[in-house]
Amino acid sequence: MSVNLASIGITGIAAAEAQIAAAESNISNASNPNYSIESVNLAASPSFNGAGAGVQILGTTRASAPYLDTQINSTQSDMSYNQSYSQAVALAQQILEPSSGNDLSAALQNIINAFTNLSASPQNSTVRSSAIASLSQFAQVSQNVSSGLASTANNQLLQIPTLVDQINQASSQIAQLNQQIVAAKAGGQSGAALEDQRDALVNQLAGLVGASADSQGNVTVGGVPLVSGTSALTLSTSGSGVSLSLQVTLPNGNLPITSNQVGGSLGGILSAAMDTIQLQSDVNSLTASVASAMNGQASSGYGLDGSTGTNLFTIAPGGTIALNPALSVQNLGASATAAGVPGDGSNATAIASLLNSAAIYAASPNATPVQAFAGIASNFGTVVQNANNSQQQASASLQSLTQLKGSITGVSLNDQLTNLIQYQNLLEASGRAVQAVNDLTTFLVQTLT
Amino acid sequence: MAVPDLTLFNRMAFALDNTTSSLQQVQQQMASGKKVNQPSDNPMAFAQASVLSAQNSALSNDTLLGQQVQAQLSTADNALSSAANSINSAITIATEASDAVTSTSSMAGLGSQVESILQQIIGAANSQYGGTYLFAGNQVATAAYDSSGNYAGDHGTNSVTFSDGTKVQTSFDGTSIFGDTTSGIIGTLTSLAAALNSGNKTAVAATLSQLQAGLSTIASARGNLGTAMSSVTSMLNNASAESTTIQTSLSNLVDADVAQEAAHEQETLLEQQALVSLGSSLSKIPLVNILA
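Chains as they are written, first to last, in the numbering used here: chain A, 7 to 455; chain B, 17 to 308.
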C-alpha cells in the first residue's frame, strides 16, 4: 500500500495557512473591543496503516466566556443605572445647595430673626417691612426649590423617548443578527463576527435598559421579552412627565413594564426622576406645614390697623406657598392684644418661637423646621453619595470583569506574534516536506530512466 | 495568563479617569476653600453646618438686637436716675418748707421750684428711644404723660426673647413707677406744689414720706432695669463665646485643609503624569520592536 507523502505535507501547509490567517485576523482586531480571539481547530487525519495521514482543519473557534458575559452585562446595567441616576440626582441636589441661593434653612432663620426684631419694635414700620420681606424671601426660595426640582425631574423624563428609540434599534439589530447567525451556521460558515456584534449589542442593551440574553440571543428585560429569536418586540412609552409609563407591544396587546423591572440608563433616569419628585413633595410638605403653622399664629394676632385674621402665606393644593398678597405693614399680626396696642409684639415673639419648636412637621416630629430642612438636604445628599459610590464600585467591578474576560477573549499581540513565528515555521517545515517528496520523486525518475 | 494589549490600555485609561476625577475634586476644594460644597460631599456635616449656620445667624441677630435693647434700657435708666435726683431735690425743698421759720412767701417760691421738678419728672417719664415712649406701656407711639401729669399710656408691657431664652422687658407701665396726678411721685409732687403754694406746712410735711416712697419706687425700678441690663450683657457675652465656638465647629466641618489639599493635589498630579508616561510607553510593543 502506497503512502501519499505529498498530500500529507500539503495538509500541513493548509493548516499553517489557516492558523496564519487566524493570527492575522486576531492582530488586525487587537484594538477592537468587541472582538473575541479566534483559533483554528486541528485534528490528525485518520490513517489506515499507522503511518499518519497529515492534519485536517476542523474549523475556526471563537473564544467565549458566557458566564463572564452574563456578569459583565449585569454589572454594565448596574453601572449605567448608577451613572444615570447619580448624574440626575446631582442636578437635583444642586438646587438645594446654599450656593444656588436656595438655602431654605437660612431663609427660615431670617424669618425667626426678623420676627424677633419685630417683637422688640412692633410699631416700627421699617422693622415690619423687614419681617414681611423675610416672609417673601422664604416663599420665593421655596418656590424656586419646588419649581427647580419639578423642572429637573421633567428634563430627566424627556430623555426617555430617545433611550427607547436606541433600545428598539438595538433590539431590531439583534433580531437580524440572530437570523444571520442561524443562516451562517446552517451554511457551514463561522458566525464568529456576527456573534461578536450580537454580544456588543446585548451589552449595549444591558447598559440602556438592564437587558439580559441567553446564548441564542433571546433578550429579556425584567422577565419581559424584548427579542425572541428573529423577532424584536417594540418598547414604547405612553403619557408624559410623572405619568409616563413603559410597555412592550405584543401581538395580543401591550405588556406594561414597571420602573422596578428596568435597569441600565433608562432605569436610572426613571428612578432619579421619581426620587426628585419625591424630594419636591417632601420640600413642599415641609414648607406648607411651616406656612400653615405660621398662618395659624399670625392670624390670631392684630395689626397696627386693628385688623385680625390675616394670613402670612397662601398655600396651593400641591403645597407650594406664596406671600399673601393681602398682607401689609399695617395688618401684619404682630400684636396678641386687641386693636390699638402698637407696642405689643407678643404675637411676633410667638411666631418666632413657633419656628424654633419641634412640633410643626409631622414627618420629623423631633426636629425644628430648620433642622428638618437640613435633614431633607442631608438625606438626599446621602442618596447622591450612595449612588456615586455604587457607580464607582460597579465601574471597578466592570473593569475587573472586562479584564478577566479580556484574558480569555482578548488579543495579546505578543502571543499572536509568537504564534505567528510558530505558524511560519510550520509552513516552512511543511513546504520542506513537500520539497523532500518532490526531490525523492525526481531522484527516482532520474534513476529509472 | 496572557494580558491582551487592549486590556493594558483600558486599565491605564481607567486609572487615568480615576486620577482625573480625584484631581477635579481636590481642585474644587482648593478653589472654594471648602471640603463640603454640596450635601453629598458629607451629608452629616452638611446638615450640621446648616443648623450651626442658622444658630450663628440667630446669635448675630441677638448681638445686634441686644445692643439695641441695652441702649434702650440705658435710656430708661438715665431717665429714672434723673427722676431720682429730682425727687431728692423735692425732698430737700419739702424739708426746708416744713421748717417753722420758712415764711409763706418763701413757700410759694419753693412751690414754683416743685412745679419745675414735676415737669422734669414728667419729662423723664416721657423719655423715648428710637421714637418709642419707654414708660407708656404698649402705647409706645404716644407720650406717656401730658404736662399736668395725666397718664396717656396703658398698663401693658412688651418683652424681647433672645434665642437662648433670655427674656427682657423693654417697655414699662408708667403708672407703676411715676403714678399719675392722684398717685405715685407725680401725684405727690402735685400735692406738694399745691401745699407749698397754699402755705400749708402740715400738708408739706405729710408729703415727705410719700416722696421717700416715690424714691424707693424709682430705686426699685432701676434695680429691675439693672437686672435686665445684666441679663442682656450676660446674653451678649455668651452669644460672643458661643459664636466663636460655632465658627470653629463650622470651620472644622466644612473648611478644607489647604496645605493638606495642596499636597494631595501635587501627589495626584504626579500620579497622573506617571500614568500618561505609562500610556506613552505602552504604545511601544516590545516584541514588535524586536521582530522589526
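Don't be surprised by glycine CBs; every beta carbon is placed ideally from N, CA and C. Nothing here was measured: the structure is a model prediction, and the numbers come from that model.
With burial defined as no fewer than 16 other Cβ atoms inside 10 Å of the residue's Cβ, what is the status of residue i: buried or exposed?
i	result
residue 183 of chain A	buried
residue 162 of chain B	exposed
residue 448 of chain A	exposed
residue 91 of chain A	buried
residue 427 of chain A	exposed
residue 256 of chain A	exposed
residue 293 of chain B	exposed
residue 145 of chain B	buried
residue 97 of chain A	buried
residue 445 of chain A	exposed
residue 436 of chain A	buried
residue 230 of chain A	buried
residue 47 of chain A	exposed
The alpha helix (DSSP H) that contains residue i, what's its start and end?
i	result
residue 108 of chain B	59–114
residue 193 of chain B	190–194
residue 319 of chain A	First-last for residue 319 of chain A: 319–321, but that is the beta strand (DSSP E), not the alpha helix (DSSP H).
residue 170 of chain A	166–192
residue 375 of chain A	375–415
residue 295 of chain A	270–305
residue 440 of chain A	419–454
residue 209 of chain A	198–215
residue 52 of chain B	That residue, residue 52 of chain B, is in no alpha helix (DSSP H); it is neither H nor E in DSSP.
residue 124 of chain B	120–141
residue 50 of chain A	It is not in any alpha helix (DSSP H) - residue 50 of chain A instead sits in the beta strand (DSSP E) that spans 44–50.
residue 150 of chain B	Premise fails: residue 150 of chain B is in no alpha helix (DSSP H) and is neither H nor E.
residue 201 of chain B	200–214
Compare the C-beta of residue i against all C-beta atoms of chain B and say whether one is closer than 8 Å.
i	result
residue 386 of chain A	yes
residue 119 of chain A	yes
residue 112 of chain A	yes
residue 408 of chain A	yes
residue 454 of chain A	no
residue 355 of chain A	yes
residue 314 of chain A	no
So is residue i in contact with chain A if we call contact Cβ pairs under 8 Å?
i	result
residue 254 of chain B	no
residue 172 of chain B	yes
residue 63 of chain B	yes
residue 46 of chain B	no
residue 21 of chain B	yes
residue 194 of chain B	no
residue 4 of chain B	In this structure chain B extends from 17 to 308, so residue 4 of chain B is not present and cannot be described.
residue 27 of chain B	yes
residue 186 of chain B	yes
residue 154 of chain B	yes
residue 148 of chain B	yes
Taking 8 Å as the cut-off, decide whether the C-beta atoms of residue i and residue j are in contact.
i	j	result
residue 81 of chain B	residue 316 of chain A	no
residue 214 of chain A	residue 329 of chain A	no
residue 218 of chain B	residue 110 of chain B	no
residue 283 of chain B	residue 45 of chain B	no
residue 160 of chain B	residue 167 of chain B	yes
residue 326 of chain A	residue 146 of chain A	no
residue 102 of chain B	residue 137 of chain B	yes
residue 383 of chain A	residue 55 of chain B	yes
residue 443 of chain A	residue 12 of chain A	yes
residue 113 of chain B	residue 227 of chain B	no
residue 155 of chain A	residue 289 of chain A	yes
residue 177 of chain A	residue 238 of chain A	yes
residue 269 of chain B	residue 64 of chain B	yes
residue 375 of chain A	residue 114 of chain A	yes
residue 45 of chain A	residue 28 of chain A	yes
residue 250 of chain B	residue 197 of chain B	no
Among the residues of its own chain, which have a CB less than 8 Å from the CB of residue i, if the five just before and after it don't count?
i	result
residue 79 of chain B	252, 255, 256 and 259
residue 343 of chain A	308, 350 and 352
residue 50 of chain B	270, 271 and 272
residue 283 of chain A	155, 156, 159 and 248
Note down, in chain order, each residue of its chain lying with its Cβ closer than 7 Å to the Cβ of residue i, except the 5 sequence neighbours on either side.
i	result
residue 34 of chain B	none
residue 7 of chain A	In this prediction, residue 7 of chain A scores a pLDDT of 46, lower than 50, which makes its location untrustworthy; the coordinate-derived value is nonetheless stated afterwards. Excluding positions up to five away in sequence, the list reads 55.
residue 247 of chain B	182 and 184
Could you tell me the boundaries of the beta strand (DSSP E) in which residue i lies?
i	result
residue 34 of chain A	Careful: residue 34 of chain A lies outside any beta strand (DSSP E), inside the alpha helix (DSSP H) at 11–34.
residue 217 of chain B	Premise fails: residue 217 of chain B lies in the alpha helix (DSSP H), 217–270, not in any beta strand (DSSP E).
Residues in its own chain within less than 6 Å of residue i by CB, not counting five upstream and five downstream?
i	result
residue 26 of chain A	429
residue 295 of chain A	366 and 367
residue 21 of chain B	none
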